[in-house]
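Numbering (our numbering), first residue to last: 99 to 328.
For each residue, glycine too, the CB sits at the ideal point set by N, CA and C.
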Ligand SMILES: Nc1ncnc2c1ncn2[C@@H]1O[C@H](COP(=O)(O)OP(=O)(O)OP(=O)(O)O)[C@@H](O)[C@H]1O
Ligand SMILES: [Mg+2]
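Here's what the structure looks like:
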C-alpha cells in the first residue's frame, strides 16, 4: 500500500481480539478482526445481539483494551499511548454516543452538552454559546433547561449526540443511537445526525439493528459471533 492510501485511512484495525473471563470460563467475543475505514466514511456495524458490536466500539473509542491486535486512529497507534495520551486523544478526536446511560440525569440538556467543552478547557461563556448553537441545530432550542427525565427519548438521543460532537471530533462512534425510539422518530433523529456527519466531514461508526440506517450509510460491516461476515 502506498503512503497516500495510508494517510487517507482514518482507522486501521489489525488482528484484533477480545475475550471476557467469567470465573474460569473464557468467552471469545472478537476474533482476529481486520477492518479499514476511510476518512469521511459512514459505516454501520450490524449483527445479532451479543455479536460484539459494543465491544468493538468501546475498543475503537479507547474505552477498553484488546487482548491482542492493533488499532490505528488517524496515524496513531493506541497501544503505543500512555493513559494520559489516551484521554487527551479521546477528548480531542472522538465523540461517543453510548448505548445506555446517555446523559447525566442531574444536569440540564445545556449543561450536559457544555461539559465536554469545559473539560477541553473552553470558558463557560464560549461553551454555553456553542452548546446553544448545536442544541438549536438539533431542534432542542426549547429544551435546553430540561433535565433528561423531562425530555422524550428522541430528545435525549439528540442531546447525547450534541454532547458527542460539541468538541468537533474527527470520529463519531454511536452505539445504537436510535435504539429505543419508534421507527419514525429514529428516522428523523438519524436524518439530522447524518446531515451533521456530512457537513462536518466526520468519520462515523454506528452500531445498529436498523435496516433504515444500514440503507443510509456508505458501508455495512456485519459481525457474527465476533467475526466479520462478508
Ligand atoms: N464486561 C463484560 N464481561 C463479560 N462479558 C461481557 C462483558 N461485556 C460484554 N460481554 C459479553 O460479550 C458479548 C458481546 O457483547 P456486546 O455488548 O459487544 O454485544 P452487542 O453486539 O453490542 O449486543 P447488543 O446488540 O445486544 O447491544 C456478549 O455475549 C456479552 O455477554
Ligand atoms: Mg451493544
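- Per DSSP, reduced to three states, the secondary structure at residue 185 is helical.
- Distance from the CA of residue 147 to the CA of residue 242, rounded to the nearest whole angstrom, comes to 34 Å.
- Look at residue 153: its beta carbon is less than 6 Å from one of the heavy atoms in ligand 1.
- Taken through DSSP and simplified to helix, strand or coil, residue 200 comes out as coil.
- Residue burial annotation: residue 234 is exposed, with fewer than 16 other C-beta atoms found within 10 angstroms of its C-beta.
- Listed in chain order, the non-local C-beta contacts of residue 239 below 6 Å within the same chain number zero, local neighbours out to five positions each way being set aside.
- Remark: the C-beta of residue 118 is in contact range of ligand 1, defined as less than 6 Å to any heavy atom.
- In the three-state DSSP reduction, residue 287 falls in the helix class (H, G or I).
- Of 187, 256, 302, the smallest CA-CA separation from residue 285 is found for 256.
- Of the candidates 306, 315, 269, 269 places its Cα closest to the Cα of residue 109.
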